[in-house]
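**Student:** Have a look at the structure that comes next, please.
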Amino acid sequence: MGMFPVYIEMPPVQDALQLECERALLDACSEAARPERCERVGSARPPSSIVAVVSWSGDLTIRVEVEERPLRRAAKRLLSFSEEDPFIEHCRAAGFVTGTLLEASLRDELDADAPPLAPDPAQSAPPDTPPTLVPEDDHTEEDDAHDAASASMFLDAGCLFGTGPAGAIRYGPGFAVGVRFSSGLLLRVDGDMTFSTVALEEEMLPTRFWSVGAAAGATWSVAAETWLELSAGPFIENVQVHNNADATSDGRFVGGMRGSLTLRRHLVDRVSALVAAAGGTRFGDTTVRVDGEYAAHVPAPFGGGLVALSVELR
Numbered sequence: 619m620g621m622f623p624v625y626i627e628m629p630p631v632q633d634a635l636q637l638e639c640e641r642a643l644l645d646a647c648s649e650a651a652r653p654e655r656c657e658r659v660g661s662a663r664p665p666s667s668i669v670a671v672v673s674w675s676g677d678l679t680i681r682v683e684v685e686e687r688p689l690r691r692a693a694k695r696l697l698s699f700s701e702e703d704p705f706i707e708h709c710r711a712a713g714f715v716t717g718t719l720l721e722a723s724l725r726d727e728l729d730a731d732a733p734p735l736a737p738d739p740a741q742s743a744p745p746d747t748p749p750t751l752v753p754e755d756d757h758t759e760e761d762d763a764h765d766a767a768s769a770s771m772f773l774d775a776g777c778l779f780g781t782g783p784a785g786a787i788r789y790g791p792g793f794a795v796g797v798r799f800s801s802g803l804l805l806r807v808d809g810d811m812t813f814s815t816v817a818l819e820e821e822m823l824p825t826r827f828w829s830v831g832a833a834a835g836a837t838w839s840v841a842a843e844t845w846l847e848l849s850a851g852p853f854i855e856n857v858q859v860h861n862n863a864d865a866t867s868d869g870r871f872v873g874g875m876r877g878s879l880t881l882r883r884h885l886v887d888r889v890s891a892l893v894a895a896a897g898g899t900r901f902g903d904t905t906v907r908v909d910g911e912y913a914a915h916v917p918a919p920f921g922g923g924l925v926a927l928s929v930e931l932r
């Protein structure tokens, strides 16, 4: 019976649980590598052998490396676990993976020493990694098409602020309803109602903006549970100035194009938080009059931002 010298990089055994983990790992390794046997060796590694290094990276990640000396060829596996998995099962899983990789490395070594044989078309060469460690990909083209077409709806609502008439600031509620596809495509309908003021003959007149628009764009992941969205599209806006003296108002409709860059971060369940920067331009005459007289000029280019919460509808 052969023997695999196994070097385990882990803290010294300090309690019964760590000792049980070491035994479980070695037993599972020997079971996977039958008829060979896995044993732990000291810090002085053999100069020429197949050595497995098992190291812990936190409580939920285990790295397994098998090194063939003196060739320095190595096979590596990274195992991740959930918090619900028992700690001893982490150790056993690492042992099975270690033993399987060791057995495969030894088999490759024996095949390299054996005289060459005529190729057998009915058999393929031994894989570098055991088939049991490679998850089968049973996706079909129909599955891929379905995944690409799957979508989720969302509702955004928050506070919008931006440039107003004659350098004034406008602010108010904003919303958006959209569909986000798994392929990255983003479609959205949005709107807002913001308020500002204009100075007319030393009187500050309230000004109201409301707009409705549509946009298309793309979304992609930039970090864990964090997404970046880029979109643009047309909109229609109404600007209205109110005359406080006689309770009359006048306004006009304008069209334009606007775009936004949004950073979205998942919070809990179906709720996310987002911040967005937006900008665009209005088309046509943006002069606003009250009772037929000039009241304010709304600059064609504009900018603003949005701070909001988002709820995934489905």
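If you count by my numbering, then the sequence shown holds residues 619 to 932, one letter each, in order.
From the three backbone atoms N, C-alpha and C, an ideal C-beta is built for every residue, glycine too.
Source: prediction; values computed, not measured.
With a Cβ-Cβ cutoff of 8 Å, do G874 and G898 count as a contact?
**Tutor:** Yes.
**Student:** For D761, name the three-state secondary structure that DSSP assigns.
**Tutor:** Residue confidence for D761 is low, a pLDDT of 48 falling below 50, so the modelled location carries little weight and cannot support an answer.
**Student:** What number of angstroms, rounded off, separates the C-alpha of R641 from the C-alpha of L635?
**Tutor:** About 10 Å.
**Student:** Where does V908 sit, in a helix, a strand or coil, going by DSSP?
**Tutor:** If DSSP states are grouped into helix, strand and coil, V908 belongs with the strands.
**Student:** Is it buried or exposed, P917, if we count other Cβ atoms within 10 angstroms and call 16 or more buried?
**Tutor:** The residue in question, P917, is exposed, as its Cβ has fewer than 16 Cβ neighbours within 10 Å.
**Student:** Compare the Cα-Cα distances from L924 to each of E930, V893, Y912 and report the closest residue.
**Tutor:** Closest option to L924, Cα to Cα, is V893.
**Student:** Per DSSP, which one or two residues make a beta bridge with D774?
**Tutor:** For D774, which the question treats as bridged, DSSP gives the partners A794, S928.
**Student:** Let me know the secondary structure DSSP gives S723 once reduced to three states.
**Tutor:** Note: S723 maps to helix in three-state DSSP.
**Student:** Where T812 and A841 are concerned, what is the direct C-alpha to C-alpha distance, given to the nearest angstrom?
**Tutor:** Computed Cα separation, rounded: 33 Å.
**Student:** Closest to R826 by CA distance: which of G851, V859, C639 is it?
**Tutor:** The option with the nearest alpha carbon to R826 is V859.
**Student:** Going by DSSP, what residue range makes up the beta strand (DSSP E) through E821?
**Tutor:** Start and end: 821 to 841.
**Student:** According to DSSP, F714 sits in a beta bridge with which residue or residues?
**Tutor:** Paired residue(s): none; F714 is not in a bridge.
**Student:** Could you tell me the distance, in whole angstroms, from the CA atom of V906 to the CA atom of I787?
**Tutor:** Taking the straight line joining both Cα atoms gives about 17 Å.
**Student:** Between S698 and the ligand ZN, is there a pair consisting of the residue's CB and a ligand heavy atom that are separated by less than 7 Å?
**Tutor:** As far as ligands go, the structure on display features none, and thus does not contain the ligand ZN.
**Student:** According to DSSP, simplified to helix, strand and coil, what is G785?
**Tutor:** G785 falls in the helix class under three-state DSSP.
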